[in-house]
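Enquirer: Protein chains in written order, with our numbering: chain A, 5 to 341; chain B, 5 to 341; chain C, 5 to 341; chain D, 5 to 341.
Glycine included, C-beta positions come from ideal geometry on N, C-alpha and C.
Protein chains: 4
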Amino acid sequence: MIIVLKPEASKADADAILARIAAAGLKPLYMPGTERTVLGALGDERVLGQLHIESNPAVERVTPILTPFKLVSREMHPEDTVVAVGKVPVGGPRFTVIAGPCAVESREQMIATAEAVRRAGAHALRGGAFKPRTSPYSFQGLGQEGLDILHEAAVRVGLPAVTEVVEVADVKAVERCADAFQVGARNMQNFRLLKALGQSPKPVLLKRGMAATVEDLLLAAEYIVAEGNPNVILCERGIRTFETITRNTLDLNAVPYIKRHSHLPVLVDPSHGTGVREFVPPMAKAAIACGADGLLIEVHCDPRTALSDGQQSLSPDEFEAFMRDIRPFVAAAGRTL
Amino acid sequence: MIIVLKPEASKADADAILARIAAAGLKPLYMPGTERTVLGALGDERVLGQLHIESNPAVERVTPILTPFKLVSREMHPEDTVVAVGKVPVGGPRFTVIAGPCAVESREQMIATAEAVRRAGAHALRGGAFKPRTSPYSFQGLGQEGLDILHEAAVRVGLPAVTEVVEVADVKAVERCADAFQVGARNMQNFRLLKALGQSPKPVLLKRGMAATVEDLLLAAEYIVAEGNPNVILCERGIRTFETITRNTLDLNAVPYIKRHSHLPVLVDPSHGTGVREFVPPMAKAAIACGADGLLIEVHCDPRTALSDGQQSLSPDEFEAFMRDIRPFVAAAGRTL
Amino acid sequence: MIIVLKPEASKADADAILARIAAAGLKPLYMPGTERTVLGALGDERVLGQLHIESNPAVERVTPILTPFKLVSREMHPEDTVVAVGKVPVGGPRFTVIAGPCAVESREQMIATAEAVRRAGAHALRGGAFKPRTSPYSFQGLGQEGLDILHEAAVRVGLPAVTEVVEVADVKAVERCADAFQVGARNMQNFRLLKALGQSPKPVLLKRGMAATVEDLLLAAEYIVAEGNPNVILCERGIRTFETITRNTLDLNAVPYIKRHSHLPVLVDPSHGTGVREFVPPMAKAAIACGADGLLIEVHCDPRTALSDGQQSLSPDEFEAFMRDIRPFVAAAGRTL
Amino acid sequence: MIIVLKPEASKADADAILARIAAAGLKPLYMPGTERTVLGALGDERVLGQLHIESNPAVERVTPILTPFKLVSREMHPEDTVVAVGKVPVGGPRFTVIAGPCAVESREQMIATAEAVRRAGAHALRGGAFKPRTSPYSFQGLGQEGLDILHEAAVRVGLPAVTEVVEVADVKAVERCADAFQVGARNMQNFRLLKALGQSPKPVLLKRGMAATVEDLLLAAEYIVAEGNPNVILCERGIRTFETITRNTLDLNAVPYIKRHSHLPVLVDPSHGTGVREFVPPMAKAAIACGADGLLIEVHCDPRTALSDGQQSLSPDEFEAFMRDIRPFVAAAGRTL
């Protein structure tokens, strides 16, 4: 940790801070300059964080040296983690496609869509029963009934199921019906939910929040892993920027950054990342090319009647073509589909 | 609702959409142009939202005419709403200052700070028992013990208490110990929590999310009001932008916008909005000047030992000077302190 | 153009606006609703723009129906435009790689780098003589001497040269020494410069500004084409967002959007788009996969001594590996290198 | 400067960097840690910048200790700078209001508006002759004729004139007709223009770019001052963010930051900062309250016919009321109008 003092800070200010650093069992460093005094503290920055040196009025700025995430970092765990969703390994040599509707709307819709994505070659099924919607007047999901329908459809087509959980009280119910939890962008920093999921044996697909930095995402994953559940899959789904031609700005830079700094698998969701059906295939290919471990794709048996996200959902025919079209890119990336 | 069709859309596409609009009991409009066909649908846009016209592949863009929020809009309710926090009216002619530490750390710290903010003239006390923190290694709050301490301190100094709630399961416990709930930026779109608070009789101080538009904030308030609790106080606390010299970018433009489009009171939190102690007073004055109904200010009996947000907390002496310094601005705004 | 009136607007306000629309030779539409009156104006929106209807105090909001760019739009010109840089066609079946140092630093550096990029298979050479730098204390480029060196190096290795122009007064000098102008992100809305380049016969590589929407970029291109120069190549190079782990957020969504809405070729600059050497190859592959027509890559004969952008420059060896590694992705995209 | 090495960096890598630091006449520091080695370099960071240590592949991150701007910093020049625009001092105890139309449209419009703003008590006149517009189909300004009209109007009402300059070739012409140059947001990093203005004796009103950090703004000012012109006035006018209810997000946090870190005067432009007429008065008051030295306000003799920015322009009557309404806030801020 590097501590830059204000120009008006005295030697006594510096000494007081150095004493606190030493008392915490860390190595203090004193670097007086002509314009500013700089202090250093070497050691476990988790301990340093508890000293709250940035609160001292003599301090201008504190810069950490090490990343704040530990358990999810590649430095602590150099090999890639492979997370099993049902029997599907995510993060290994095989590229993973998870597909299905935004929301479970009815038994017919879910089964028709499940059969279509299975036929086209998807590896897992998605579908939301609890839908966090910006407006209270939008469709909010079928709840427990939706979970049951999803489960039935998944068993019928033989694919593992992934579905969103939005509340601690629902964790057990979701765990019974699904093979993996999804934490949506709006709940990425719902820390109580993350801790509850950290105590589940089932994997968690953690989506990046709209205003979350990649470091925030990795710290959210750290919450889950620190509670005892190492099975976390990260997902880039776009951030909020000034650009409004697409629903979000898909930040694919995050993919190579995460692959370098973390051992966790990372998926990309080009459906939310663009919000536009026609842009899903090119951005899915881009995700494959930059090193993602898989994709999350919205497919609906009849997009024009979808109760949510219809404009970014592929039809069964479009999804079949999609699975064919991404194949050469998966091969170019040295993986199999 | 205005519906712009794609250049390649046919007359049959237009007719199909117009028929759906009419079937929903709305007034359809057909406006063929040389380069694009435009359709209109006049009537209650909440019904229109359920048609999901944007999912139709012939549609290029759908633009609403009316605001999506209703109950919180000034059009539906022209007079200012005044919300009582304990006996303190928020939103009327009197300007409100809510002050206290970021987190309840101990009985001594809380009581010392409560006495200081009371002495300086604050109208309500704040203090967090449940702290949502970006890193799992940061101080997470004292939980129930913190609620009890806050309650004791508030009773002792005779001020109403405001504290954050982060989980549906905690709503009852917080309701017993505090006079108002605070919903933090990270939970602004935790819709299950908003619905639970909509069933409480106590007021809700709803903070804007870091990536939330003002419209998102008003829709989040709509969730609470739609469940039956009209006592919502909004709070601008800064958004996340590319500028990093301050912790957030305090978007004061939101204040006159909200005052014009909603009847709910709006506070400003310059502590989180800047993240820098020295900038709290000038930005508080700016908030008063642009029409805010009150302020949320972090005060700590000893900022340099604070377990969270010390660098943006005022000391008791600084807060006393602060309350004196804002007085002429409150008067210039035609209000009393 | 759709015009939403304020709730308090009168019938007379509406009539006055409708009269102005009709007087301008456009078709007016009157759509009274229960909560708002909506007006329409059908016809050439360039004429409509000159009516400044948004300035009328009775107007709440004006929404255009058509895109504001015309000459660069695919609707006006359905076929892809292929722009020749020297003898290199950009935008056709062959994928284009333009490589070289950020800045021309010396004759030795430029020639060594030119030979390296030529050897590895680049199609054109880049190198800046006029460097716009955030700080006045940073290296500002060699100016005319740099242009001469670039020209010599380009002739020597037989590649066309692309270099940045920052000022109207330099257009002729750059035209003499280079095969294409580059307009940097900071000058994307230097409209006087764009107009001057619109009168040159040489192509213009126009980079997206850091705060520019894709629509802003297309309108900047429209300035050049409207002056008579149809040879514009667009370049996505990242935008400024809250994420700071990379220098910019590379907005690859822009690529399929531009390919759909414009006939101009589009390149991607992953060097500026990431700012990190290790992320240049994965993001270059992503650019290929989502449909870009080419790449702009910073290569330096010795990155560790580079006077600018060294941390994002590839060494000759790295660039050679890079050209080999992107080959399967170029093939998967159905193009040749 | 603090240099964090990559985990894999060797002792030899560190020694090589330390030798370069020492060779440049700076003081090197070696701080080995258990997880990372950190190096320091103390001395003039302008020299350090030329070492390009960040280009070294062994380096993970370089963090400066000092601000990169020098001449404009308060550390170098503790007293406030007062800049004279004609005979109007900007930055002293008197608060300054510069008002006028966005664009000079005609002699009649300019004179009528000039008389109105003079009557209401403005201290200087603004009006653009060269208009940088996003679309080539928008009104581009009257050019030299506009300058002449502005000059005539300013002389007639006895106010100094401020007008935008967009091109080096126009500097002399603008200098003849106006008392201060304005550099618009789109040209804030047109460094050639900044250098040309650095050689003029007349003051420069420098507006912050839409994607510019405050540090970028101060470095742009540094360009002008470094060329020999110390008369720079800064202007906050809003940045581009995801929020679209207002034209820009007015970042008033920038005002106290600039007042603390720089000695230059700072104005606020709430017209561009909001883009909405009704929000100009509240945000102007906020600017006064947080410490701005003055305001830039768009006024038009008939906003509904304005050729640009009509929706954010005040009418003469509105401006008169505005000047009356801001008076108590100016007094509360301890200044005179």
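At which residues does the beta strand (DSSP E) containing L271 (chain D) begin and terminate?
Expert: From DSSP, the beta strand (DSSP E) with L271 (chain D) extends over V270 to V272.
Enquirer: With a threshold of 7 Å on Cβ separation, who are the neighbours of F195 (chain C) within its own chain once the five nearest residues in sequence on each side are excluded?
Expert: Only Y227 meet the Cβ criterion.
Enquirer: Between L4 (chain B) and chain D, is any beta-carbon pair separated by less than 9 Å?
Expert: Because residue 4 (chain B) is not part of the residues shown, which for chain B are 5 to 341, the question remains open.
Enquirer: Among residues of its own chain, excluding the 5 on either side of S190 (chain C), which ones have a beta-carbon nearer than 6 Å to its beta-carbon?
Expert: One point to set straight first is that residue 190 (chain C) is Arg, not Ser, in the sequence displayed. Contacts found: P136.
Enquirer: Within 10 angstroms of its Cβ, does S1 (chain C) collect 16 or more other Cβ (buried), or is it exposed?
Expert: As displayed, chain C neither begins before 5 nor continues past 341, which places residue 1 (chain C) out of reach and without an answer.
Enquirer: Which of helix, strand or coil does DSSP assign to I249 (chain A)?
Expert: Here I249 (chain A) sits in coil by DSSP.
Enquirer: At a Cβ threshold of 9 Å, is H56 (chain C) touching chain D?
Expert: For H56 (chain C), the answer is yes, since a Cβ of chain D falls inside 9 Å of its Cβ.
Enquirer: Once the 5 residues before and after V178 (chain B) are set aside, which same chain residues still bring their CB inside 7 Å of it?
Expert: Answer for V178 (chain B): L151, T167, V169 and F185, listed in chain order.
Enquirer: Kindly say whether Y261 (chain D), judged by its beta-carbon, lies nearer than 9 Å to any beta-carbon of chain B.
Expert: Cβ-Cβ to chain B under 9 Å: yes for Y261 (chain D).
Enquirer: Verify the CB distance criterion: does E219 (chain A) have a CB-CB separation below 9 Å to chain C?
Expert: Taking Cβ atoms only, chain C reaches closer than 9 Å to E219 (chain A), which makes this a yes.
Enquirer: At what residues does the alpha helix (DSSP H) containing Q148 (chain B) begin and finish?
Expert: Per DSSP, Q148 (chain B) belongs to the alpha helix (DSSP H) from Q148 to V161.
Enquirer: Quick check on M114 (chain C): buried or exposed, where buried means 16 or more other Cβ atoms within 10 Å of its Cβ?
Expert: With 16 or more other Cβ atoms within 10 Å, it is buried.
Enquirer: Using a beta-carbon distance below 9 Å, is R264 (chain B) in contact with chain D?
Expert: Cβ-Cβ to chain D under 9 Å: yes for R264 (chain B).
Enquirer: Is the shortest distance between the beta-carbon of P286 (chain C) and the beta-carbons of chain A less than 9 Å?
Expert: Closer than 9 Å: yes.
Enquirer: To the nearest angstrom, how far is it from the Cα of S266 (chain A) to the Cα of L197 (chain A)?
Expert: Answer to the nearest angstrom: the Cα atoms are 22 Å apart.
Enquirer: I'd like to confirm the pairing. Which residues does DSSP put opposite L222 (chain C) in its beta bridges?
Expert: L222 (chain C) is not bridged to any residue.
Enquirer: Can we say the stretch 68-79 of chain D touches the stretch 8-24 of chain D, given the rule of at least three CB pairs closer than 8 Å?
Expert: At 8 Å Cβ cutoff, the stretches do not touch.
Enquirer: I believe L46 (chain D) touches L30 (chain D) by the beta-carbon criterion, under 8 Å. Please report the beta-carbon distance rounded to the nearest angstrom.
Expert: Yes, L46 (chain D) and L30 (chain D) are in contact; Cβ-Cβ is about 6 Å, under 8 Å.
Enquirer: Note down the Cα distance separating K176 (chain C) from F134 (chain C), rounded to an integer number of angstroms.
Expert: The alpha-carbon atoms of K176 (chain C) and F134 (chain C) are separated by roughly 14 Å.
Enquirer: With DSSP as the reference, please indicate the residues paired to L318 (chain D) in a beta bridge.
Expert: Looking at the DSSP assignment, L318 (chain D) forms a beta bridge with D:V303.
Enquirer: Would you give the residue range spanned by the beta strand (DSSP E) that V86 (chain C) belongs to?
Expert: From DSSP, V86 (chain C) is part of no beta strand (DSSP E); its letter is neither H nor E.
Enquirer: Classify A26 (chain A) as buried or exposed, calling it buried when 16 or more other Cβ atoms lie within 10 Å of its own Cβ.
Expert: Exposed.
Enquirer: Whose C-beta lies closer than 6 Å to the C-beta of G295 (chain C) among residues of the same chain, with five residues either side of it excluded?
Expert: Taken in chain order, the residues that qualify are V259, P260 and K263.
Enquirer: Closer than 8 Å by C-beta to Q148 (chain C): which residues in its own chain qualify, once you throw out the five before and the five after it? Chain order, please.
Expert: A133 and A177, listed in sequence order.
Enquirer: Among the residues of its own chain, which have a CB less than 7 Å from the CB of V121 (chain C), if the five just before and after it don't count?
Expert: Contacts found: A103, G104, L129, V303 and F323.
Enquirer: Check the C-beta distance from F333 (chain D) over to A293 (chain B) and give it rounded, since I have them as a contact under 8 Å.
Expert: Correct: roughly 6 Å between the Cβ atoms.
Enquirer: Use the C-beta contact count for Q316 (chain D): other C-beta atoms within 10 angstroms, 16 or more gives buried, fewer gives exposed.
Expert: So Q316 (chain D) ends up on the buried side.
Enquirer: In its own chain, which residues sit with a C-beta less than 7 Å from the C-beta of A225 (chain D), not counting the 5 before and 5 after it?
Expert: For A225 (chain D), where only same-chain residues beyond five positions count, the Cβ hits under 7 Å are V76, L210, V236, L238 and L268.
Enquirer: Which class does C181 (chain A) belong to by DSSP, given the choice of helix, strand or coil?
Expert: Helix at C181 (chain A).
Enquirer: If you check the beta carbons only, do V51 (chain C) and I7 (chain C) fall under 9 Å apart?
Expert: Contact: no.
Enquirer: Quick check on this structure: which residue in C:L33, C:A118 and C:D273 has the alpha carbon closest to the alpha carbon of T100 (chain C)?
Expert: When each option's Cα is compared against that of T100 (chain C), the closest is C:D273.
Enquirer: Taking C-alpha atoms, which residue in C:Q193, C:K206, C:E231 and C:A200 lies nearest to G213 (chain C)?
Expert: Nearest of C:Q193, C:K206, C:E231 and C:A200 to G213 (chain C), Cα basis: C:Q193.
Enquirer: Taking only beta-carbon atoms, is T67 (chain C) less than 9 Å away from chain B?
Expert: Answer yes: the Cβ-Cβ gap between T67 (chain C) and chain B drops below 9 Å somewhere.
Enquirer: Just to make sure I have the definition right: I need the residues of chain D whose C-beta is within less than 8 Å of the C-beta of D321 (chain B). Which are they?
Expert: Near D321 (chain B) there are no residues of chain D at all, since even the closest Cβ is about 20 Å away, more than 8 Å.
Enquirer: Applying a beta-carbon distance threshold of less than 7 Å, which residues of chain D neighbour P332 (chain B)?
Expert: Simply A336.
Enquirer: Verify the CB distance criterion: does D153 (chain C) have a CB-CB separation below 9 Å to chain D?
Expert: As written in the sequence, residue 153 (chain C) is Ile, which differs from the Asp given in the question. It does not; no Cβ of chain D falls within 9 Å.
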